[in-house]
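In the numbering used here, the protein residues as written are 495 to 700. Positions of the beta carbon are idealized from the N, C-alpha and C atoms, including for glycine. Every value quoted in this text rests on a predicted model; they were computed, and no experiment measured them. Here the structure is laid out as structure tokens; the discussion comes afterwards.
Next up, the structure:
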């Protein structure tokens, strides 16, 4: 073997083996794979965006949820008002019941005119959610009653209800330009704003 043949043999041995085509690396580097991945990311983004937008409550849904909450709280007040020991708290309770009842009636009238709303014909999921909230309040008041703590717990729970309702009313009013609806909510909000500190600051020792 002459020197040239020897060098050629070394050169052939040093060359890297040819890579087989069609491996995983080829698939991952394929332009079609990259396009598919980009399309998947875009699809996920669209689904998430649609979920966010689809979960946004309409004005009608907000009004309906508020009305049902008011009705549920009125039920709880009617159930336990007679068991309250404090005459001051009973008087406040009667006032709150009147405000909630009037607001519910005002919302009912407004929604009937605007949306053809009929009480009792709400979606099952909406009614079930409202019933769950009402039952939770009822159960807490029942526990307070049998433990001799009704006045204290009732005042606390009604303060929370007032705060929640006022928050809902402000949110609805800010998202609507309808003066009839704003009038209903404004009247209720002002009345509740006066009642809130009296429930929140209630003490059985006073």
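With 16 other Cβ atoms within 10 Å as the buried cut-off, status of residue 620: Residue 620 should be labelled exposed.
Taking all protein chains shown into account, do 16 or more other C-beta atoms lie within 10 angstroms of the C-beta of residue 649, making it buried, or fewer, making it exposed? Counting other Cβ atoms within 10 Å of its Cβ, residue 649 reaches 16 or more and is therefore classed as buried.
Thinking just about the alpha-carbon of each residue, which of 680, 654 and 644 is nearest to the one in residue 635? When each option's Cα is compared against that of residue 635, the closest is 644.
Does the count of Cβ pairs from the region 606 to 623 and the region 556 to 575 closer than 8 Å reach three? A contact is defined here as three or more CB-CB pairs under 8 Å, and the region 606 to 623 meets this definition with respect to the region 556 to 575.
Tell me the rounded alpha-carbon separation between residue 610 and residue 642. If you draw a straight line from the Cα of residue 610 to the Cα of residue 642, it is about 45 Å long.
Can you say whether residue 602 is buried or exposed, counting buried as having 16 or more other CB atoms within 10 angstroms of its CB? Residue 602 is classed as buried because its beta carbon has at least 16 other beta carbons within 10 Å across all chains shown.
Applying the 10 Å Cβ sphere with the 16-neighbour rule, what's the burial state of residue 567? By the beta-carbon neighbour count (other beta carbons within 10 angstroms, threshold 16), residue 567 is buried.
Give the DSSP-derived three-state secondary structure of residue 643 in the structure shown. The answer is coil: DSSP assigns residue 643 none of H, G, I, E or B.
Mind reading off the beta-carbon distance from residue 604 to residue 657? Whole number of angstroms is fine, and I expect it under 8 Å. So it is not a contact: roughly 23 Å between Cβ atoms.
Rounded to whole angstroms, what's the CA-CA distance from residue 625 to residue 679? Just pull it up for me. Taking the straight line joining both Cα atoms gives about 23 Å.
For residue 653, is the classification buried or exposed, using 16 other Cβ atoms within 10 angstroms of its Cβ as the cut-off for buried? Label assigned to residue 653: buried.
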